[in-house]
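Residues in the sequence shown are numbered consecutively from 3, following my numbering.
Positions of the beta carbon are idealized from the N, C-alpha and C atoms, including for glycine.
Since the model is a prediction, treat every value here as computed from it, not as a measurement.
Everything on this sheet refers to the single structure shown next.
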Amino acid sequence: MSASGRYDNASFPPANKIGLHHNRTSITSYRNYFMYSVTMIFVVITAHAISGCMSSTVQIEHAPAIAKVPTATYPNCSSDRKDRYTIIEVPKIHDIKQAPQEFFSLLHQAIMEEGRRRNIYNVVPSTTERDKVVLLIMFVESWRPDVTQGGTTGLLSMKLFLIDKTHHCQVGQTTGHGKIRHDPETGFNHDDIHTIAESAGWFVGITLMHDP
Numbered sequence: 003m004s005a006s007g008r009y010d011n012a013s014f015p016p017a018n019k020i021g022l023h024h025n026r027t028s029i030t031s032y033r034n035y036f037m038y039s040v041t042m043i044f045v046v047i048t049a050h051a052i053s054g055c056m057s058s059t060v061q062i063e064h065a066p067a068i069a070k071v072p073t074a075t076y077p078n079c080s081s082d083r084k085d086r087y088t089i090i091e092v093p094k095i096h097d098i099k100q101a102p103q104e105f106f107s108l109l110h111q112a113i114m115e116e117g118r119r120r121n122i123y124n125v126v127p128s129t130t131e132r133d134k135v136v137l138l139i140m141f142v143e144s145w146r147p148d149v150t151q152g153g154t155t156g157l158l159s160m161k162l163f164l165i166d167k168t169h170h171c172q173v174g175q176t177t178g179h180g181k182i183r184h185d186p187e188t189g190f191n192h193d194d195i196h197t198i199a200e201s202a203g204w205f206v207g208i209t210l211m212h213d214p
């Protein structure tokens with residue numbers, strides 16, 4: 003991705019491993035790293051921890067089904083459980099509209115690697131654990147391909163949600179967008195993939211580690 007965007011840090015209220023070390027040094031280092039990421043193109047528009055509807059009325063489902071359910075069906079979490087989460091579960095990205103499938107396989111892998119590199123939570127593609135788990139679920143909101151580039155280069159907009167796996171309620175959400183570039187010889191641009199993965203990690207950290 004070209005550096006045509008920046009993070010809107012002011013819109014975030016109160017980042018991936020993860021082995022739980024919520025000491026002030028880890029949190030400060032993690033935040034400071036992302037404060038220098040203002041040149042990234044994958045722009046985080048909004049993120050907020052949400053409180054609202056009671057989660058006890060929501061029927062529990064198994065994890066594979068969660069990733070396919072429209073996030074609009076999830077109520078807002080009625081209690082703050084952010085301190086309990088030690089695992090970030092990252093299901094594969096299913097709802098990609100007409101965007102190129104190969105890109106999202108690479109993105110999913112990059113997000114997993116970014117989470118493990120950060121070493122703050124335990125980032126996994128799936129787990130049987132429930133109580134200490136928050137899911138990072140991503141959906142393509144829109145894809146505008148560049149027809150002059152064969153349809154694999156274009157503008158991507160995504161929604162990112164953090165869902166409490168036990169209560170099936172929204173912990174936070176954000177929107178991001180950026181340009182995805184593809185070269186017939188070298189494939190998708192590595193920087194574009196890495197930028198989105200870092201953006202996802204930044205969203206997780208700001209949502210779960212920010213002091214309200």
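- Note on E91: 16 or more other CB atoms within 10 angstroms of its CB, so buried under the neighbour-count rule.
- For R146, the enclosing beta strand (DSSP E) stretches over residues V135 to P147.
- Within 10 angstroms of the beta-carbon of K84 lie 16 or more other beta-carbons, which makes it buried.
- With respect to D97, F141 sits close: the two C-beta atoms are nearer than 8 Å.
- Each residue's CA atom was taken as its position, placing P186 and D133 some 44 Å apart.
- Taking C-beta atoms under 8 Å as the contact rule, Y76 and Q172 qualify, at a distance of about 5 Å.
- The beta carbons of A101 and L158 sit closer together than 8 Å.
- Put simply, of T188, G203, D166 and G178 the residue whose alpha carbon is nearest the alpha carbon of S81 is D166.
- Around T155, the same chain offers P147, D148, K181, I182, R183 and H184 as residues with beta carbons nearer than 8 Å, after the five sequence neighbours per side are excluded.
- Judged by DSSP in its simplified three-state form, T150 adopts helix.
- Spanning the alpha carbons of S144 and M160 requires a straight line of approximately 7 Å.
- With contacts defined by Cβ atoms closer than 8 Å, G174 and T209 form a contacting pair.
- Inclusion of L108 and I195 in the CB contact set at 8 Å is warranted, their separation being smaller than that value.
- Pairing L162 with T197, the inter-Cα distance amounts to about 15 Å.
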